[in-house]
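Residue numbers for the sequence shown follow the numbering used here, so the first one is 496 and each next one is one higher.
For each residue, glycine too, the CB sits at the ideal point set by N, CA and C.
Right, one structure below, let's go through it.
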Amino acid sequence: MPAYAVIGGQWGDEGKGKIVDFLARDSQYVVRYSGGNNAGHTVLNDMGKFALNLVPAGIFWPHVTCIIGNGVVVDPEVLLKETQGLQDRGVDTSRLFVSDRAHLIMPYHVALDVLEEAARGSRAIGTTGKGVGPAYVDKVARIGIRVGDLLHATDEGTFLPRLEHVVEQKNAIITKVYGGQPISVKALYQSCLEWGERLRPYIRQTEVILQDALAKGEKVLLESAQGTLLDIDHGTYPYVTSSSPSIGGAMTGLGIPPQAIQGIVGIFKAYSTRVGAGPLVTELDDEVGNAIRDRAWEYGTVTGRPRRCGWFDAVAARYSNAVNGFTSIVLTRLDVLDGFSPIKVCVAYRRDGQTIDRFPTNTLELERCEPVYEEFPGWTEPTASAQRLDDLPRGARVYVQRLEKLIGAPIDVISTGPKREETVTIRPIFAPR
Ligand code: IMP
């Protein structure tokens, strides 16, 4: 049962979109298991440049079936707009399916996300404002409305009372706690009817499709969104997203057993970025950080916000590897570091005069940590577009080898540019190991 998970090893934006698109060539399924349209996956291929928020990055390969799993929260307007946008550019979306168990992001979730953030003031998380957190809250509170429910929206006797109950509750919070504008249940009910009709061709019991595919030995790529350090349990709580991007989330977010997983691929950028609030020990609040941001165009795909940039944090990366058990690492955006000298890697933290190599649980503790750096001379020759390990300058190879040792898992692939062919494969991800 060959399933391979592709997981963000850091704070998201590691370049998973390109890698999923690249690996999808040899896969039959690409499936998203967590998050929502807070994610932005950029894919550059023969058809052009695409920014995907919900649709899995395998959609560009005609032989690939794409699935949005039950662990994803789906804003129906966003999904319909994204599929329409893809169709308008000649991409076939008839191979896309969405789980009937996936929860919906409703307009009241978006309203609450924005209002709650504003009320947090200086303690704001810096959410993407897409309603993701409030939608997961309702899922856990057992008042969520699922994609499959839309198919029964015409059944006024059961669907409407549920909707009325939840909208009444949300409106009380929106208006009485935050002084916001109430949501019209009548208008929302009409939208639900329309969404049900328009999404009908996509809605399936997707765990059954996947379980059958795995039983037949078909290759399934599990695409995470965000990154391990934003995981609701294992990330830098409370500065996290509300889902489980790490490997555990793939099982619950799809309904497949752990034995199906043959490989767990960690995607790491050659440096660190973070968007939104929360600790980033290696943050560079100086011209080096600005230079990385400008060269790599580190601005959020979803919100356009500048990303905070810093050196590679090997303490965090080791922790991420311990949580996920990576069988392969893909190192992305190595070319961004071309010409930087020195290049630094954080190998331990200093806190209150003590050196620690463990990633702390407590955010306040993490905020007090200072990076202990190891320095590398860097390289002057370009690595951009390299396709073979031998094409990389010696300084770059030394850097990669050291990161591999520090993370504790093999770097099998290095990405040297946004295009599919700008990739160095040291050992194929799907090779038996
Ligand atoms: P939310 O997921 O919109 O609730 O935002 C929670 C935190 O996760 C914020 O710091 C966001 O900036 C961050 N975040 C959410 N999605 C992404 C992503 O795809 N890449 C990077 N950061 C993200």
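Per DSSP, the continuous alpha helix (DSSP H) segment holding H660 begins and ends at 651-667.
Residue nearest to R813 within the set G748, E865, I902, V783 is I902 (criterion: CA-CA distance). DSSP links N540 through a beta bridge to G543. Between the ligand IMP and the CB of I669, the shortest heavy atom gap is not smaller than 6 Å.
Relative to R790, the option among A817, N666, S739, L829 whose CA is nearest is L829. Relative to the ligand IMP, the nearest heavy atom lies less than 6 Å away from the CB of N533. With 16 or more other CB atoms across the displayed protein chains lying within 10 angstroms of its CB, D644 is buried. The count of Cβ pairs closer than 8 Å, one atom from the segment 624-641 and one from the segment 592-610, reaches three, so the stretches are in contact. Taking E917 as the centre and dropping the five residues before and after it, the same chain places the C-beta of S880, T911 closer than 6 Å to its C-beta, in chain order. Ranking E718, R618, Q523, S686 by CA distance to the CA of G761 puts E718 first. In the DSSP annotation of this structure, the continuous segment of the alpha helix (DSSP H) that includes S815 starts and ends at 809-819. The beta carbon of H558 sits closer than 8 Å to the beta carbons of Q523 from its chain, once the five residues preceding and following it are set aside; these are given in chain order. According to DSSP, G903 shares a beta bridge with no other residue.
Only exposed fits T653, as fewer than 16 other CB atoms lie within 10 angstroms of its CB. A Cβ-Cβ distance of about 12 Å is found for the pair L574 and I554, leaving them out of contact under the 8 Å criterion. Per DSSP, the beta bridge partners of A843 are V867. At a Cβ-Cβ threshold of 7 Å, S767 and G730 do not count as neighbours. Between L749 and G564, the C-beta gap is smaller than 7 Å, which places the two residues in contact.
In terms of side-chain proximity, the C-beta atom of I620 is found nearer than 6 Å to a non-hydrogen atom of the ligand IMP. A direct Cα-to-Cα measurement between T878 and D885 gives close to 11 Å. Secondary structure at K625: coil, using DSSP grouped into helix, strand and coil.
When DSSP states are grouped into helix, strand and coil, F854 belongs to the coil group. For Y684, the enclosing alpha helix (DSSP H) begins and ends at 680-694. In the three-state DSSP reduction, P753 falls in the helix class (H, G or I). For T560, the enclosing beta strand (DSSP E) starts and ends at 560-563.
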